Structures are given as structure tokens and as C-alpha cells.
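Student: Sharing a structure here in C-alpha cells format.
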Ligand SMILES: NC(=O)c1ccc[n+]([C@@H]2O[C@H](COP(=O)([O-])OP(=O)(O)OC[C@H]3O[C@@H](n4cnc5c(N)ncnc54)[C@H](OP(=O)(O)O)[C@@H]3O)[C@@H](O)[C@H]2O)c1
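Residue numbers (the working numbering): 1 to 279.
If you want it as C-alpha cells, here you go:
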């Protein structure tokens with residue numbers, strides 16, 4: 001059944017930038033009421049003003065369980081329900097697995113994986129109690145990555161959190177089917193957001209120039225694809241259509257995929273530690 005976004009309540013983590021911000025703009029244009037969450041409250045409030053005001057802005061660090069609970073609580077207090085929870089907040093790390101420190105491991109797991117799980121665990125009791133609206137009590141959207149299906153070198157920890165998000169979504173979809181809670185995982189390719197810059201700063205590394213033909217999408221394209229899966233819930237969203245087949249094939253031919261993915265090692269310039277300029 002096609003759902004009307006007008007009046008729908010959508011909570012988005014990581015709404016201050018990139019894909020989350022683009023999704024907020026897309027959904028506000030369709031009349032959704034939004035709960036916008038991130039650590040940079042001033043950017044959320046600026047976005048709310050750009051959208052005409054009236055949305056809920058919540059300072060929340062998803063690495064903190066209490067903040068995830070507060071996000072759901074504040075959304076319920078303001079709107080009475082959450083139709084769709086979008087677990088989008090995420091960070092990257094440019095580091096080989098052997099060189100990743102225990103602190104870095106824990107940070108990635110806390111933000112990308114525990115942050116997703118804590119928001120979902122907080123929202124589920126509310127969603128299960130909600131009246132059906134256009135066929136569904138609620139929906140969980142998890143913004144994972146195409147790298148959930150096949151990892152690349154020097155981003156192994158990040159890829160592991162994205163694969164775990166996919167696993168979480170697959171289990172949850174079947175567990176909550178009888179409750180009429182839809183679950184959708186999203187698998188973007190490289191997207192022109194703050195993501196690379198944030199990962200470079202966290203890792204004190206620089207990403208080299210993208211190779212010719214490497215797909216980079218506009219966050220508005222990803223947002224439009226996610227929005228269509230909110231209107232008509234489906235298991236997975238692959239905003240770059242070809243990537244779905246390429247990454248599916250990679251799981252069938254791991255040796256060939258190793259050859260293809262090895263080129264990503266050259267993307268990170270080992271001589272550029274500590275903040276040299278991008279090549
Ligand atoms: N860009 C890509 O190439 C790409 C490709 C595939 C998948 N993805 C996934 O898409 C999602 C969104 O990334 P993006 O590309 O839009 O990156 P982005 O532009 O860097 O945005 C990341 C968002 O997450 C928020 N965030 C980061 N850490 C947070 C924390 N601890 N608590 C709450 N919010 C936090 C940031 O807000 P604050 O800093 O204000 O907290 C920001 O709003 C991520 O899950 C990422 O893994 C991205």
C-alpha cells in the first residue's frame with residue numbers, strides 16, 4: 001500500500017548533514033513532521049528554519065544509550081507517535097584492522113551499531129502500541145552501506161559495522177512482521193557528503209582521488225530513494241541500481257571481488273598521515 005507522507009512523523013538521526021539532512025528536506029516537502037537529531041543542535045535549528053519551522057530539533061549523541069532513549073521520548077511527547085525511525089547517523093574510519101586501536105573499534109561500534117540498536121530498542125515498544133496507519137504501525141529504516149555486502153581494505157571496522165546493521169535489519173524485519181512494523185536497510189555507494197572529511201579527520205588520513213568511473217551520488221538522490229521506501233516500504237534500498245548487482249555478484253565470486261577491491265588500498269595515502277593535503 002502507498003503511504004501518504006503528509007502528517008507522517010519521521011525521526012532522523014544524523015540530520016545535521018549529508019544524507020540525513022537531504023532526507024529531511026525531501027520529507028518536509030512532502031508534509032512530514034520531523035524529529036531531527038544530531039550532536040550539532042545549531043545546524044538542526046538552522047535546517048528547521050530553512051524548512052519553515054515546526055519540526056523538533058534534538059541534540060543527541062547516538063553513542064549514548066540515554067540520548068537514544070531521549071530522542072524517542074521527546075518525539076512521543078511532541079507528536080504522540082513515530083511512523084518511521086531513520087537510523088542514519090554514522091562515521092567512518094580509514095584504518096587497517098591491525099592498526100585500529102581499541103578506542104577506535106569501540107567508537108565505531110558505539111556510533112554505527114549500538115547507536116542503531118539503542119534507537120530501535122527505544123522505539124519498538126512505542127511502535128508496537130501505535131494504531132495502524134496506512135497499513136503499518138511503524139517502520140525502521142537503517143542507513144547501512146553497499147559495503148555491508150562486501151568489505152574493502154583499510155575500512156574493515158567501518159564495513160563490519162555496516163554488515164552488522166544489515167544483519168540487524170534482516171532479523172528485525174522478520175521479528176516485527178506480525179506487529180506490522182516494516183524494516184528497510186539502505187545501501188548507498190559513495191555519496192557527496194561530509195562523511196569522507198569526517199573520516200579523514202578521525203583517522204588523520206587522507207583519501208586519494210577517486211578512480212575514474214567510481215560512482216558518487218548526490219545525497220538528494222539517496223534521499224529520494226529512501227523517501228520512496230518510506231512511501232512504499234520494502235526490504236532494501238540500493239540508490240545506485242547497478243551496485244546492487246555488482247555487490248551481489250561479489251558475494252558469489254569472492255576471489256574476483258578481492259582483485260576488484262584491492263584497488264581501494266591505493267585510495268589511502270600512507271604518506272599523508274596527520275593532515276596533508278588531498279592528492
Ligand atoms: N557518504 C557516503 O559515501 C556513504 C556511503 C554509504 C553509506 N553511508 C552512510 O550514510 C549515513 C550518513 O552519512 P553521510 O554520508 O550523510 O555523512 P555525514 O555528511 O558525515 O553526516 C553524518 C551525520 O551523522 C551525525 N553523527 C555522527 N556521529 C554522531 C553521533 N555520535 N551521534 C549523533 N549523530 C552523529 C552527524 O551529525 P553531528 O556531527 O552533528 O552529530 C551528521 O548529521 C552513515 O551511516 C554512513 O555510514 C554514507
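A virtual CB, placed ideally from N, CA and C, is assigned to each residue, including glycine.
Since the model is a prediction, treat every value here as computed from it, not as a measurement.
Work out the CA separation of residue 26 and residue 14 for me, nearest whole Å.
Tutor: For residue 14 and residue 26, the distance between alpha carbons rounds to 15 Å.
Student: Between the beta-carbon of residue 114 and the beta-carbon of residue 75, is there less than 8 Å?
Tutor: Against a cut-off of 8 Å, the Cβ pair of residue 75 and residue 114 comes out as no contact.
Student: Would you mind sorting residue 138 into buried or exposed? The rule is 16 or more other CB atoms within 10 Å of its CB.
Tutor: With 16 or more Cβ atoms within 10 Å of its Cβ, residue 138 is classed as buried.
Student: Using 7 Å as the cut-off, classify the Cβ of residue 79 as near or not near the heavy atoms of ligand 1, replying yes or no.
Tutor: Because no heavy atom of ligand 1 lies under 7 Å away, the Cβ of residue 79 does not count as near it: no.
Student: Secondary structure at residue 46, three-state DSSP: helix, strand or coil?
Tutor: DSSP places residue 46 in helix when its eight states are reduced to three.
Student: Please name the residue, chosen from 98, 214, 142, 92, that lies closest to residue 198 on a Cα-to-Cα basis.
Tutor: Nearest C-alpha to residue 198: 92.
Student: With a Cβ-Cβ cutoff of 8 Å, do residue 51 and residue 44 count as a contact?
Tutor: Not a contact, by the Cβ cut-off of 8 Å.
Student: Consult DSSP for residue 15 and reduce its assignment to one of helix, strand or coil.
Tutor: Coil at residue 15, not helix or strand.
Student: Taking 7 Å as the cut-off, is the C-beta of residue 43 nearer than that to any heavy atom in ligand 1?
Tutor: For ligand 1, at least one heavy atom lies less than 7 Å from the Cβ of residue 43.
Student: Taking contact to mean at least 3 C-beta pairs separated by less than 8 Å, is the region 182-199 in contact with the region 143-151?
Tutor: The region 182-199 vs the region 143-151: in contact.
Student: Exposed or buried, what is residue 99 when buried is set at 16 or more other beta-carbons lying within 10 Å of its beta-carbon?
Tutor: It counts as exposed.
Student: Assuming residue 126 and residue 181 make a contact with CB atoms under 8 Å, what is their CB distance in whole Å?
Tutor: Contact flag wrong, Cβ pair sits at about 11 Å.
Student: Checking the sheet assignment: what are the DSSP bridge partners for residue 10?
Tutor: Paired residues: 34, 84.
Student: Give a yes or no on whether the C-beta atoms belonging to residue 19 and residue 88 are separated by under 8 Å.
Tutor: A contact, by the Cβ cut-off of 8 Å.
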